[in-house]
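> Counting in UniProt numbering, the sequence shown runs without a single skipped number right up to 238 at its last residue.
In this text, a Cβ means the ideal position worked out from N, Cα and C, and glycines have one as well.
These numbers were taken from a predicted model, which means no experiment stands behind them.
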Amino acid sequence: MAATVVSNVASPCRAPTAPKPCVRTNPCASPSIRVTAAAFFPSPLFITGPRPLPAAVRGNGFRSVRRSGALSAIRATISVGDKLPEATLSYFDKEDELRTITVSELTAGKKVVLLAVPGAFTPTCSQKHLPGFVEKAEELKAKGVDTIACVSVNDAFVMKAWGKDLNVGDKVFLLADGNREFTKALGVELDLSDKPVGLGVRSRRYALYADDGVVKVLNLEEGGAFTVSGADEILKVL
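#1: Applying the criterion that 16 or more other CB atoms from any shown protein chain within 10 Å of the CB defines a buried residue, is Ala225 buried or exposed?
#2: According to DSSP, is Ser104 helix, strand or coil?
#3: May I ask you to report which of helix, strand or coil DSSP gives Ala87?
#4: Output needed for Ser229: all residues of its chain with C-beta closer than 6 Å, excluding positions within five of it in sequence on either side, in chain order.
#5: Give the range of the alpha helix (DSSP H) segment to which Phe226 is assigned.
#6: How big is the Cα-Cα spacing for Asp96 and Asp165?
#7: Any contact between the segment 208 to 218 and the segment 146 to 158? By contact I mean 3 or more CB pairs, one from each, below 8 Å.
#8: Less than 6 Å between C-beta atoms, sequence neighbours within five positions excluded: which residues of the same chain meet that for Asp177?
#9: Spatial neighbours of Lys111 within its chain, please: C-beta separation below 6 Å, excluding the five flanking residues on both sides.
#10: In or out: Ser79 buried (at least 16 other Cβ within 10 Å) or exposed?
#11: For the beta strand (DSSP E) containing Glu189, name the first residue and the last one.
#12: Buried or exposed for Thr107, going by 16 or more other Cβ atoms inside 10 Å?
#13: What's the C-alpha gap between Pro131 and Ala156?
#14: Rounding to the nearest angstrom, what Cα-Cα distance links Cys125 and Leu238 in this structure?
#15: For Lys171, which residues from the same chain have a beta carbon less than 6 Å from its beta carbon, with the 5 sequence-adjacent residues on both sides left out?
#16: Quick one: what's Val172 bridged to in DSSP?
#17: Quick check on Asp212: does DSSP put it in helix, strand or coil?
#18: Would you kindly work out how many angstroms separate the C-alpha atoms of Ala127 and Pro196, rounded to a whole number?
#19: In the DSSP assignment, the beta strand (DSSP E) including Ala120 goes from what residue to what residue?
Rendered as structure tokens:
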């Protein structure tokens, strides 16, 4: 049932003489269900155009970070010799149960190769990056690697489907960083919000090698490039 809230404040959607609530149809509901909402704020709070920058800011190098690749240009906070930051990642186990694991649980007392991709099912990630580590999994483990894991800013359902699509099996541990908790802690966010495919903010592509949670090798790409983060590059330094 539609709920209407009456307000004595003029709606920003109509002239001040018609204080009716704004009406929006919920595209996820059935056509017969409509959601209404009244204007709760005075019209001065509604900005119809961009406000000019304050004089103290103009000309002082201020810029928005929401530009193509802007976040990728920000220096990563992680580097060789650092301890990997704590975060919680999610995945589906062999029994198809949704689980979580912390970075410390993943890496404690182990030699781990961790790769990150901008997005599951995207071309370079699906055709080159992840398949390369699946193909070289045995060689990496022969070099003493205990775990190979792949992280992406996707949900666990997407990562599960991606793994099945590429026949990853148990060669690479697919982990979802859906809230970007780990990606933000590393300082490797990549803003792709201006792209027409709707990726939003993801992770820069990288591959790292950590021993007991301490980064020993970090091959971090600029943006979504794929030049130094492949399995062969990691094998060279092990």
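Once the coordinates are examined:
#1: Walking along the sequence shown from the start, residue 225 turns up at place 225. Under this definition Ala225 is an exposed residue.
#2: Residue 104 sits at position 104 when you count from the first residue of the sequence shown. Helix at Ser104.
#3: In the sequence shown, residue 87 corresponds to position 87, counting from 1. DSSP, reduced to helix, strand and coil, places Ala87 outside both helices and strands of the structure shown, so it counts as coil.
#4: Numbered from 1 along the sequence shown, position 229 holds the residue referred to as residue 229. Once the five neighbours on either side are set aside, the close Cβ partners of Ser229 are Arg205, Tyr206, Ala207, Asn219, Glu221.
#5: Mapped onto the sequence shown, residue 226 falls at position 226. No alpha helix (DSSP H) holds Phe226; DSSP gives it neither H nor E.
#6: One-based indexing of the sequence shown puts residue 96 at position 96. One-based indexing of the sequence shown puts residue 165 at position 165. The straight-line gap from Cα to Cα measures roughly 16 Å.
#7: Verdict: no, contact absent.
#8: Walking along the sequence shown from the start, residue 177 turns up at place 177. Leu89, Val151, Val153, Thr183, listed in sequence order.
#9: Here the question's residue 111 lines up with position 111 in the sequence shown. Result list for Lys111: Gly144, Val145, Asp146, Asp211, in chain order.
#10: As a working mapping, residue 79 is identified with position 79 in the sequence shown. Looking at its Cβ environment, which holds fewer than 16 other Cβ atoms inside 10 Å, Ser79 is exposed.
#11: Locating residue 189 in the sequence shown gives position 189, counting from the first residue. From DSSP, the beta strand (DSSP E) with Glu189 extends over 189 to 192.
#12: The count along the sequence shown starts at 1 and reaches residue 107 at position 107. Answer is buried; the Cβ neighbour count reaches 16.
#13: As a first step, residue 131 must be located in the sequence shown, where it is residue number 131. As a first step, residue 156 must be located in the sequence shown, where it is residue number 156. Going from the Cα of Pro131 to the Cα of Ala156 covers about 19 Å.
#14: For the purposes of this step, residue 125 is identified with residue 125 of the sequence shown, where counting begins at 1. For the purposes of this step, residue 238 is identified with residue 238 of the sequence shown, where counting begins at 1. Roughly 23 Å separates the two Cα atoms.
#15: The residue you call residue 171 lines up with position 171 of the sequence shown. Answer for Lys171: Val134, Ala137, listed in chain order.
#16: Taking the sequence shown and counting its residues from 1, the one referred to as residue 172 is at position 172. For Val172, which the question treats as bridged, DSSP gives no partner whatsoever.
#17: If you number the sequence shown from 1, residue 212 lands on position 212. Residue state, collapsed to three classes: coil.
#18: Residue 127 sits at position 127 when you count from the first residue of the sequence shown. Residue 196 sits at position 196 when you count from the first residue of the sequence shown. With the sequence shown as reference, residue 127 is identified as Gln, and Ala is not the correct amino acid for it. When rounded, the distance between both Cα atoms is 21 Å.
#19: Translated into the one-based positions of the sequence shown, residue 120 becomes position 120. From DSSP, Ala120 is part of no beta strand (DSSP E); its letter is neither H nor E.
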